[in-house]
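Peer 1: Numbering (the numbering used here), first residue to last: 9 to 106.
Take this structure, written in structure tokens, and hold onto it; I'll ask about it next.
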């Protein structure tokens, strides 16, 4: 169900991040949302976890409903220890019903 990766940098020194999972919560007031990453049957991940990602309000308002599968790309802001989503796309996950 979940997948996390680190694409190459953006050329400005900002490390990039990518993750795939389900929308766990959306907090428009704080400008963030949760992404639940769960293990797939043949993967290395053994326990699920939730990433907290910060995002602009326009992106938060365009998110699919809680529980929907998404693929997220963004930046890892190391000084503030935040993952900032820049792009979110709907994604079909391995455990979605056919």
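Glycine residues also receive a C-beta, built at the ideal position from the N, C-alpha and C atoms.
Check whether the Cβ atoms of residue 85 and residue 65 lie closer than 8 Å to each other.
Peer 2: The residue given as residue 85 occupies position 77 in the chain shown. The residue given as residue 65 occupies position 57 in the chain shown. No, Cβ-Cβ distance for residue 85 and residue 65 is not below 8 Å.
Peer 1: To the nearest angstrom, report how far apart residue 55 and residue 45 are at their CA atoms.
Peer 2: What you label residue 55 is simply residue 47 of the chain shown in a count that begins at 1. What you label residue 45 is simply residue 37 of the chain shown in a count that begins at 1. Straight-line Cα distance between these residues: approximately 9 Å.
Peer 1: Can you pull the DSSP bridge partners for residue 67?
Peer 2: Along the chain shown, read from residue 1 onward, the residue named residue 67 stands at position 59. Residue 67 is not bridged to any residue.
Peer 1: Have a look at 39, 51, 49, 95 and flag the residue whose alpha-carbon is nearest the alpha-carbon of residue 25.
Peer 2: On the chain shown, position 17 is the one that residue 25 refers to. Answer by Cα proximity: 95.
Peer 1: In three-state terms, what does DSSP make of residue 104?
Peer 2: On the chain shown, residue 104 is found 96 positions in, with the first residue counted as 1. In the structure shown, residue 104 sits in coil (DSSP, three-state: anything other than H, G, I, E or B).
Peer 1: Could you tell me which of 29, 89, 100 sits nearest to residue 57, measuring between CA atoms?
Peer 2: Counting from 1 along the chain shown, the entry for residue 57 is found at position 49. Comparing Cα-Cα distances from residue 57 to each of 29, 89, 100, the minimum goes to 29.
Peer 1: Apply the 10 Å Cβ neighbour rule to residue 82 and answer buried if 16 or more other Cβ atoms are within range, or exposed otherwise.
Peer 2: As a first step, residue 82 is located in the chain shown; it is residue number 74 there, counting from the start. Counting Cβ neighbours within 10 Å, residue 82 comes out buried, since at least 16 surround it.
Peer 1: Go ahead and pull the three-state DSSP assignment for residue 1.
Peer 2: The question about residue 1 has no answer, for the chain in this structure spans 9 to 106.
Peer 1: Out of 51, 60, 105, 53, which one is the CA nearest neighbour of residue 39?
Peer 2: If you number the chain shown from 1, residue 39 lands on position 31. Closest by alpha carbon: 60.
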